[in-house]
Amino acid sequence: MDINNKVLIVDDESSVCHLLFEVVRKEGYQPYTANNGLEAVNLARDLHPAVIIMDIRMPIMDGMEAFEIIHQENPYTAVILMTAHGTMDTVVETMRRGAFDYLMKPSNVKQVRIALERAFQNIRLREELTTLRTQVQGKYQLDHIIGKSLAMQEVCKMVGRVARAQATVLLTGESGSGKELIAKIIHNNSHCSNGPFIKINCGALPESLMESELFGYERGAFTGATARKPGRFELADKGSLFLDEIGELTPPIQVKLLRVLQERAFERVGGTETIRVNVRIIAATHRNLEEMVQQGTFREDLYYRLKVIPIHIPALRDRSEDIPLFIDYYLRKFACETDREVPLITKEAMQLLRHYRWPGNVRELANLLERAVIMSNGVIDVQDLHGIIPLKNASQLVVLGEGTLKDVLHSVEKQVIANALKEHNYNRVRTAQALDISRRALIYKIEEYGLDNLRYVSDQVEGKGQPE
């Protein structure tokens, strides 16, 4: 990473400028000098230095006035002020306004070196943080929503429309369908994208702990509360709070949450101070909240507070045309992470993946493909998916998408045979008996589907005879 290494030295004493010039140069930075504040302001506009070392008392324009102008025009420039004892109060006030550090005059070379190192270390950390933030925000942009199906195109349109608003969003959909990803995309495309994105799983904690996690607590609020702790609402101030599995909240916590949504204010557990926050709420659930309202397990007023903008994420089985896109994405992702070539996937394996019902949705597909990439030898075929996709009953398959009925039946038949072979330790006699077909028919199917490269044991009693 290339870091700006320009250092501007500002002092009306030429001897001080010369000394600091040599120190800065020997430390490997690029020094420039100015003799007063006005000259410093003009040079700062032209050079854009990373660090400025500036005396406070100077003619024409002093360091205080120059600092105010420079800091307003470029708040990321690290300004180190030099001062005598008589102006310490001024330095403290300037640092409160954004100056990075100060040096007492006269300063020795070691002190200057330390101040420079601290300034550039801070700059490097800030650059790294900016890079990471850019990478994270780039990961959660609208064009990172995978899907060409009409259902997902509608989701994309809705997310694009609501992201810039401050309204509460309620995401619904099955577990693993991508609700958290959508929540992060909404946050990163909103006005509060520079603020924090705080998540809490509402079903992960008991009621007593959930209250303190959401709203924080004061010291002494309960046994073990040895210090004040901010809650998730405080941590999410000027950002977004993602309330995952909102349907798991107990009625007492629902009441407290409703008040925060109405007033944007709350008190910590054990406290009396009212804390006000500016937080974007994004809630998610796999439950049917409308049914829960009718059953009396979820407050109706809270439900309508949350359902300002509802977005439903469809299950993966309801958008099978998106499955090849996910497969391509995850094969490339996991191949890159494991330093492998992107494996090929056979037509039969693709058919099987498209016709499986995916009860775990995208999360299940991602986990399967990660394992397949690690275990495959460059090609993913149906037998590579055996043991990963359970096909114990026909309800786990859904006949959708491209391909003829014959293609689908062949894909299913191939998988059933591969499963049976493995279950019976690749013994053809026992496999044929389990499938209720003749051994000759099984051998024909094995050759037809290219399963003859699997490991077979003897058809006879284990340990007797020779394997075929």
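Residue numbering for the sequence shown follows the UniProt record's numbering, beginning at 1 and increasing consecutively.
We treat Cβ as the ideally placed atom computed from N, Cα and C, and that holds for glycine.
Assignment of His312 by DSSP, reduced to helix, strand and coil, places it in the strand class.
CA-CA distance, Ile275 to Ala167, rounds to 21 Å. Note on Arg280: 16 or more other CB atoms within 10 angstroms of its CB, so buried under the neighbour-count rule. The three-state reading of DSSP puts Ser14 in helix, counting H, G and I together.
The residue from Ser208, Asp237, Tyr356 and Gly231 with its alpha-carbon nearest to that of Thr223 is Ser208. Exclusion of the five residues before and after Ser376 leaves Pro343 and Asp384 as the residues of its chain whose Cβ lies within less than 8 Å of its Cβ. Between the stretch 328-348 and the stretch 148-161 there are fewer than three C-beta pairs closer than 8 Å, too few to call the two in contact. Of the residues assessed, Leu125 falls on the exposed side of the cut-off, its CB having fewer than 16 other CB atoms within 10 angstroms. Within the model, the alpha-carbon separation for Ala50 versus Ala227 is close to 39 Å.
With 16 or more other CB atoms across the displayed protein chains lying within 10 angstroms of its CB, Ser177 is buried. For Ile380, the pairing in a beta bridge is given by DSSP as Ile345. In the DSSP assignment, Leu103 falls within the unbroken beta strand (DSSP E) covering Asp101 to Met104. Taking a C-beta distance under 8 Å as the contact criterion, Leu241 and Ile198 qualify as a contact pair.
Looking at the DSSP output, Lys256 bridges to nothing.
In the three-state DSSP reduction, Met158 falls in the helix class (H, G or I). Bounds of the alpha helix (DSSP H) holding Thr431 are Arg428 to Leu435. In the displayed model, Asn201 falls within a strand according to three-state DSSP. Counted as a single uninterrupted DSSP element, the alpha helix (DSSP H) harbouring Tyr329 occupies residues Ile323 to Glu337. Annotation: Gln295 is outside any beta strand (DSSP E); the continuous alpha helix (DSSP H) that includes it extends over Leu289 to Gln295. Taking Gln262 as reference, the option from Leu249, Asn278, Thr94 and Glu273 with the minimal CA-CA separation is Asn278. Membership of Tyr32 in the beta strand (DSSP E) is indicated by the continuous run Gln30 to Ala34.
Its chain contains Tyr330 and Phe334 as the residues whose beta carbon lies nearer than 8 Å to that of Glu370, once the 5 sequence neighbours on both sides are disregarded; these appear in chain order. Assignment of Ile60 by DSSP, reduced to helix, strand and coil, places it in the coil class. Rounded to whole angstroms, the gap between the alpha carbons of Tyr303 and Ile380 is 45 Å. For Tyr76, the three-state secondary structure derived from DSSP is coil. Residue environment analysis places Gly28 among the exposed positions, since fewer than 16 neighbouring C-beta atoms fall within 10 angstroms of its C-beta. Measuring C-alpha to C-alpha distances from His191 to each of Met61, Gln111, Arg164 and Lys105 identifies Arg164 as the nearest. With 16 or more neighbouring CB atoms inside 10 Å of its own CB, Thr83 falls in the buried class. Pairing Thr90 with Ile60 gives a Cβ-Cβ distance that is not under 8 Å. In this chain, Asp452 is not harboured by any alpha helix (DSSP H), its DSSP state being neither H nor E.
Here the stretch 416-428 does not lie against the stretch 355-364, with fewer than 3 beta-carbon pairs under 8 Å apart. Met104 sits exposed, since fewer than 16 C-beta atoms from the chains shown fall within 10 Å of its C-beta. In the structure shown, Ser240 adopts extended strand secondary structure according to DSSP, grouped into three states.
Residue burial is scored here from C-beta neighbours: Asp436 has fewer than 16 other C-beta atoms within 10 angstroms and is therefore classed as exposed. Listed in chain order, the non-local C-beta contacts of Ile417 below 8 Å within the same chain comprise Thr431, Leu435, Leu442, Lys445, Ile446, Tyr449 and Leu451, local neighbours out to five positions each way being set aside. In the three-state DSSP reduction, Ile281 falls in the strand class (E or B).
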